[in-house]
Amino acid sequence: MLEIIASPISFFILLELFLIGAAGSLVLRKNDASANVWSSFFAIAGSLWGLLFASAILISGQALSFVAGTSPFPLLSLAMHIDMLSALFIFIISLIALFCSIYGIGYVKHFYKKYNIGTLGFFYHLFIAGMVLVVTASNGIFFLIAWEIMSVASYFLVVYDRNDENNVKAGFLYLVMTHVGTAFIIAAFLLLYKYTGSFDFEVIKSAVTFIPSSIKNTIFVLSMVGFGVKAGIIPFHIWLPAAHPAAPSHISALMSGVMIKTGVFMMMRLFLDILQPAPVWWGLVVLFVGATSSLLGVLYALTEHDIKRLLAYHSIENIGIILLGLGSALTFSSLGMLPLALLSLVAALFHTVNHAIFKSLLFLSAGSVINQMHTRNMEEYGGLIKYMPHTAFFFLIGSMAISALPPFNGFFSEWLTFQSLFQGIIALDSSARWVFILAAGALAFTGGLALTCFVKAFGATFLARPRSAEVSHAKESSFPLLAAMGALAALSLLFGLFSGPVTLFLETIGKSFSIFQSAPSLLSLPRGHVLTVGSGFASVSGLAFLVLFTVAIFIVVWIIRSAINKKQKIKIGATWDCGTDLTSRMEITATGFARSIVLIFKGVLKPSIQHEIEYHDAETRYMPKSRTVILGVRDVHQAYFYRPLHKVVATLAEQTKNIQSGNINTYISYIFIALLIVLFATL
Amino acid sequence: MIILIWTIQLILTPVVSPLCIGIIKKVKARLQNRRGASIFQPYKDLWKLLHKDEVISSNASWIFYYAPFIIFAVTIVVGASIPLFAAFLNNTLTGDMLVIVYALAIGAFFLALAGMDTGGAFGGFGSSREMTLSALAEGGLIFSLLTVALISGSTNLFAISSSGVFAQDQHFLSALLALCGFFIVLLAETGRFPYDNPDTHLELTMIHEAIILEYSGKRLALMEWASANKLLIFIALGVNLFFPLGLADNGGVDAILIGMAAFMVKIFICCLIIALIESSMAKFRFFRLPDLLLVSFILNVVALSLIQ
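Top line first, the protein sequences correspond to chains A and B. Count along the first sequence starting at 1, add 20, and that's the number in our numbering. Count along the second sequence starting at 1, add 98, and that's the number in our numbering.
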């Protein structure tokens with residue numbers, strides 16, 4: 021049975037389900053409702069099949085290699101290689117796509133008659149199929165084609181809500197950035213081709229010793245930038261907080277939860293598998309990038325009051341945390357400490373899975389709120405917990421998971437990441453040790469700041485009194501939306517409770533990397549649920565924590581409710597208002613909540629403040645008529661990196677213009693000179 | 099016998115914690131030339147509050163209603179997961195330092211949400227300040243625990259307390275720096291001077307009191323009690339991780355009794371120190387506090403770098 025599901029045919033069925041879904045949506049584009057049904061049905065079917073297929077590969081543990089037909093071009097082969105790592109990513113893609121598709125059934129209804137549902141379905145399916153191909157392609161050129169399918173399809177999804185000019189702008193920024201990234205990837209692949217003579221990943225891997233170390237380092241830098249753009253590492257992140265909010269929410273969930281991970285996937289593949297052995301500084305660079313991305317990501321998130329931009333910045337933060345695991349794995353493996361490297365890789369993989377789950381949960385519940393409120397500005401929310409209690413509950417679970425509160429899943433992967441950093445502090449010396457200390461410090465602060473940020477997000481959105489009239493019209497979301505969110509919330513808890521078995525399973529995936537094949541394991545699972553690192557260095561059990569917590573809470577409630585006080589009354593009154601009428605302007609806003617942190621970190625965030633005061637009498641300047649305060653955060657990346665870069669490019673272009681005189685004779689002489697140069701060069 | 103010891107471990111935190119508050123208040127009163135209330139006054143206050151009716155804001159949601167129970171339960175769980183009087187219990191399930199740190203964060207999370215829930219002007223600002231401080235304290239807290247964890251070779255708190263970090267001469271300086279760092283964080287996390295003034299209801303200065311302003315009756319009692327528990331938890335961590343003297347290392351009755359007595363003496367000394375600090379210094383300006391917390395973090399980074 022396993023062999024039938026884990027077969028090339030089954031993989032083609034998976035792709036075909038998405039392709040039929042894409043084609044059918046286009047055919048049915050005249051009718052919104054039927055296009056939605058068709059698209060959702062095939063997306064759900066495809067995702068379920070993907071889950072089945074990926075599980076079969078993961079259980080059997082056998083890698084699957086095959087060529088999907090012959091191609092007309094000599095260097096392009098449609099080679100696929102599906103090993104455990106690919107299967108894990110197919111699993112994540114299918115899992116998140118499944119819930120996003122269920123959510124989509126209800127969610128896209130508000131686009132009816134406004135936009136074309138058929139084209140949404142078409143690009144949605146292409147997007148998922150593109151991601152599946154990206155993690156399975158085993159040939160450089162084939163990979164780039166898949167990468168482009170994924171990127172371009174997601175571009176069209178970002179600009180789907182095209183009546184808003186900002187979305188179109190965000191989409192353009194995304195398109196430019198993603199192609200800059202692709203250019204770097206192409207350069208890296210071309211260098212690989214030059215020294216190994218092949219685009220096939222397997223061949224490159226076996227011929228990697230022919231690459232001189234300086235070229236290898238260049239390839240590392242190029243692919244770090246190229247895949248880093250997609251993963252959203254700082255400073256290549258600027259497209260992410262613009263593009264993810266612009267897309268429809270279930271697409272944002274897929275982009276943030278899954279698509280940016282394809283960048284991480286390729287980093288794992290290249291650095292830990294294909295290009296091994298690697299020098300130590302690679303790992304330290306990845307650690308450094310991870311530490312800055314996580315810390316800056318959460319700081320920028322704190323300054324946001326657009327709920328989806330806030331979540332997008334948290335994606336940057338979590339990619340940073342994943343890179344902390346990956347960077348430690350690289351460092352350890354370069355130093356030959358394979359057990360530690362395996363532990364760190366497991367931490368990175370676990371956080372990849374967990375982030376996919378809770379981030380898509382958060383995006384979906386934010387989408388439900390936006391769907392009701394018609395704005396992404398948190399300052400206009402408030403008190404939504406009374407109007408959308410279920411959505412609020414699911415958002416709360418997502419917030420707790422992303423803030424790494426036990427017993428939800430985010431805690432356990434951060435715990436593992438912490439443990440691998442601690443092991444680095446113990447095992448290493450001199451400069452490498454300092455990088456690990458700073459990385460652990462960054463992770464510690466990131467945890468605290470993320471918690472603050474989600475208190476702000478949840479509090480400003482769901483608690484206190486409504487800050488706009490729109491809130492009172494908000495209604496609880498429809499069943500498909502709630503079902504998708506509920507399932508993801510349940511998964512968040514389950515992956516936390518069963519973090520032990522899940523971690524051990526991820527370790528077998530880590531062991532499928534050729535360098536880890538014989539690495540001894542540091543993880544053990546005494547009594548079936550106590551996740552233990554080393555021989556008693558650290559241990560944790562999510563199950564025990566939940567049980568203890570539940571017992572404690574029941575005892576407390578029982579004692580207070582029945583043992584001490586039975587006749588006690590609750591009177592409902594007004595909030596203490598100091599004798600004035602409380603208006604919703606008196607409660608704290610999202611901006612106000614984060615203001616002290618923004619001021620404390622003003623060296624990094626560069627907050628700007630502008631006062632505009634209009635006086636009744638301009639000469640005496642007493643008695644202001646109106647007062648406006650504009651708060652903002654200066655984008656340092658824009659100011660110090662992208663602006664100057666743009667200036668340089670523009671100047672260069674201006675200079676190049678000079679050789680274009682418009683005179684045909686000049687052009688002919690250019691051709692002549694070029695010919696001469698080529699002639700001499702070949703001599 | 100072991101069940102009895104675990105029961106004691108479980109209920110010791112809530113039973114002893116009001117006493118800490120009472121001792122601190124008494125010492126402070128004496129230093130101000132007042133006679134002060136009995137050290138058992140906090141128990142009477144709790145008992146009184148538990149029997150009162152409640153007024154709850156019409157804006158409150160279920161977060162406000164259940165937060166006191168969640169926060170209190172968290173302190174019970176944490177209290178049961180750290181070494182109090184016995185080091186031999188060896189809780190490998192929830193006794194990890196990061197579990198403790200993040201479990202306490204659950205309490206902070208719900209406390210801050212409860213502050214925002216009623217939509218008053220005070221609660222929200224209290225929550226904002228509380229979260230700002232606890233976010234910045236996290237670096238120092240994790241790193242001071244990490245320092246002692248690395249000295250003793252385990253991140254499990256029971257294992258740390260049974261190894262005795264000051265016993266090893268070559269790590270003396272690291273342990274000392276970690277202790278200083280930890281103490282700075284202790285004051286921040288438990289809302290004492292110079293971070294917060296636990297006695298005032300002046301809106302400019304208060305943090306914790308602002309958050310619980312809307313609470314009354316048994317929920318207020320739980321909130322106050324939980325914050326007392328948190329104080330005891332931090333004191334217990336401080337005294338038992340750094341000075342494990344007297345901790346019971348076996349289940350014998352003598353060892354347990356000595357352990358309990360040593361624990362009481364240690365928390366009494368610690369409360370004395372806190373009361374002395376509160377009587378001798380002023381509260382800091384809010385924006386000076388991050389500097390202090392950063393000092394704690396840097397002390398611990400130095401401590402870490404000294405361990406080889």
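Ideal Cβ placement from N, Cα and C applies to all residues, glycine included. As the structure is a prediction and not an experimental result, all values here were calculated from the model.
Checklist entry - In or out: PRO265/A buried (at least 16 other Cβ within 10 Å) or exposed? => result Answer is buried; the Cβ neighbour count reaches 16.
Checklist entry - With distances taken between CB atoms, is the gap from SER532/A to MET197/A smaller than 8 Å? => result Against a cut-off of 8 Å, the Cβ pair of MET197/A and SER532/A comes out as no contact.
Checklist entry - If you count every other CB in all the chains shown that lies within 10 Å of the CB of ASN685/A, and 16 or more means buried, which is it? => result The residue is exposed, with fewer than 16 neighbouring Cβ atoms inside 10 Å.
Checklist entry - By the 10 Å Cβ neighbour count, where 16 or more other Cβ atoms means buried, how is TRP323/B classified, buried or exposed? => result It is buried - the Cβ of TRP323/B has at least 16 other Cβ atoms within 10 Å.
Checklist entry - Taking Cβ positions only, does SER433/A come closer than 8 Å to chain B? => result Not an interface residue.
Next on the checklist: What are the residues in the segment 152–167 of chain B lying within 7 Å of chain A by C-beta distance?
Outcome noted: Identification of residues in the segment 152–167 of chain B having a C-beta nearer than 7 Å to some C-beta of chain A yields GLU152, VAL153, ILE154, SER155, SER156, ASN157, SER159, ILE161, PHE167, given in sequence order.
Checklist entry - Is GLN139/B near the ligand PLP, judged by its Cβ being under 7 Å from some heavy atom? => result No copy of the ligand PLP appears in this structure; indeed no ligand is present at all.
Checklist entry - Is the number of C-beta pairs between the segment 121–141 of chain A and the segment 50–57 of chain A that are closer than 8 Å three or more? => result The segment 121–141 of chain A vs the segment 50–57 of chain A: in contact.
Next on the checklist: Using a Cβ distance threshold of 8 Å, determine whether the segment 155–172 of chain B contacts the segment 210–226 of chain B, with at least three qualifying pairs required.
Outcome noted: Judged by Cβ distances under 8 Å, the segment 155–172 of chain B makes contact with the segment 210–226 of chain B, as three or more pairs qualify.
Checklist entry - Closer than 8 Å, CB to CB, is GLU496/A near chain B or not? => result Answer no: the Cβ-Cβ gap between GLU496/A and chain B never drops below 8 Å.
Item to check | Residues within the segment 576–590 of chain A neighbouring chain B, beta-carbon criterion of under 8 Å | outcome: Of all residues in the segment 576–590 of chain A, only VAL576, VAL577, ILE580, ILE584, ASN585, GLN588, LYS589, ILE590 come within less than 8 Å of chain B when Cβ atoms are compared, listed by chain position.
Item to check | Span of the alpha helix (DSSP H) around THR351/A | outcome: Where THR351/A is concerned, the enclosing alpha helix (DSSP H) stretches over 327–354.
Next on the checklist: Taking 8 Å as the threshold (C-beta atoms), are SER512/A and GLY562/A in contact?
Outcome noted: Contact annotation: GLY562/A and SER512/A have beta-carbon atoms that are not nearer than 8 Å.
Checklist entry - What in chain A is Cβ-close to THR105/B, meaning under 8 Å? => result Within chain A, no residue has its CB atom less than 8 Å from the CB of THR105/B, the nearest being about 12 Å off.
Checklist entry - Name the chain A residues that come within less than 8 Å of ASN348/B, Cβ to Cβ? => result Within chain A, no residue comes near ASN348/B; the closest Cβ sits about 19 Å away, beyond 8 Å.
Next on the checklist: Please state the DSSP three-state secondary structure of VAL152/A.
Outcome noted: VAL152/A: helix per DSSP, three-state reduction.
Checklist entry - So which residues of chain A does GLY222/B contact, with C-beta pairs closer than 8 Å? => result Under the 8 Å cutoff, chain A gives GLY479, ALA484, GLU607, ILE608, GLY612, PHE613.
Checklist entry - What are the partner residues of MET279/A, as DSSP defines its beta bridges? => result In DSSP, MET279/A forms no bridge with anything.
Next on the checklist: Taking the beta strand (DSSP E) that GLU634/A belongs to, which residues open and close that run?
Outcome noted: Its beta strand (DSSP E) spans residues 627–635.
Next on the checklist: Considering only their Cβ atoms, is the gap separating LEU177/A from ILE271/A smaller than 8 Å?
Outcome noted: Yes, the pair counts as a contact, with Cβ atoms nearer than the cut-off.
Next on the checklist: Less than 7 Å between C-beta atoms, sequence neighbours within five positions excluded: which residues of the same chain meet that for VAL306/A?
Outcome noted: Excluding residues within five positions, the ones whose Cβ falls inside 7 Å are LEU343, LEU346, GLY347, LEU350.
Next on the checklist: Can you find the residues in the same chain that come closer than 6 Å, C-beta to C-beta, to ALA326/B, ignoring five residues on each side of it along the sequence?
Outcome noted: Excluding positions up to five away in sequence, the list reads SER115, PRO116, ILE119.
Item to check | Limits of the unbroken alpha helix (DSSP H) element including THR523/A | outcome: Per DSSP, the continuous alpha helix (DSSP H) segment holding THR523/A begins and ends at 519–531.
Checklist entry - Three or more C-beta pairs closer than 8 Å, one from the segment 282–299 of chain B and one from the segment 136–150 of chain B: is that the case here? => result Taking a cut-off of 8 Å for Cβ pairs, the segment 282–299 of chain B and the segment 136–150 of chain B do not touch, as fewer than three such pairs fall below it.
Next on the checklist: Which residues does DSSP list as the beta-bridge partners of ASP220/A?
Outcome noted: Partner(s): ASN159/A.
Checklist entry - Using the beta-carbon count (16 or more within 10 Å), is VAL366/A buried or exposed? => result Counting Cβ neighbours within 10 Å, VAL366/A comes out buried, since at least 16 surround it.
Checklist entry - Considering only C-alpha positions, which residue in the set VAL618/A, TYR144/A, ILE125/A, ALA460/A is nearest to ALA311/A? => result That would be ALA460/A, whose Cα lies nearest to the Cα of ALA311/A.
Item to check | Pick from PHE219/A, GLU23/A, GLY81/A that is closest to LEU98/A, judged by C-alpha positions | outcome: Minimum Cα distance to LEU98/A is reached at PHE219/A.
Item to check | Residues that ILE204/B contacts on chain A, provided the C-beta gap is smaller than 7 Å | outcome: Those are LEU425, listed as they occur along chain A.
Checklist entry - Just checking, does the segment 287–296 of chain A make contact with the segment 618–632 of chain A on the three C-beta pairs under 8 Å criterion? => result The segment 287–296 of chain A, when compared against the segment 618–632 of chain A, does not touch it at the 8 Å Cβ threshold.
Checklist entry - Does the beta-carbon distance from LEU311/B to PHE220/B come in below 8 Å? => result Their beta carbons are under 8 Å apart, which means LEU311/B touches PHE220/B by this criterion.
Next on the checklist: Let me make sure I understand the geometry here. Which of SER250/B, ALA353/B, LEU330/B, LEU239/B has the alpha-carbon closest to that of ALA203/B?
Outcome noted: A check of alpha carbon separations from ALA203/B across SER250/B, ALA353/B, LEU330/B, LEU239/B identifies LEU239/B as the nearest.
Next on the checklist: Measuring straight from C-alpha to C-alpha, what distance separates LEU696/A and VAL669/A?
Outcome noted: Going from the Cα of LEU696/A to the Cα of VAL669/A covers about 29 Å.
Item to check | Neighbour list for PHE312/B in chain A, Cβ cutoff strictly below 8 Å | outcome: Correcting the residue type first, residue 312/B is Glu in the shown sequence and not Phe. Correct list: THR595, TRP596.
Next on the checklist: Using a 10 Å radius around the Cβ and a threshold of 16 neighbouring Cβ atoms, would you call CYS120/A buried or exposed?
Outcome noted: CYS120/A should be labelled buried.
Checklist entry - Of all the alpha helix (DSSP H) runs that stay within the bounds of the segment 354–424 of chain A, which reach a length of 4 or more residues? => result Counting whole runs of 4 or more residues, the segment 354–424 of chain A contains the alpha helix (DSSP H) stretches 358–393, 409–422.
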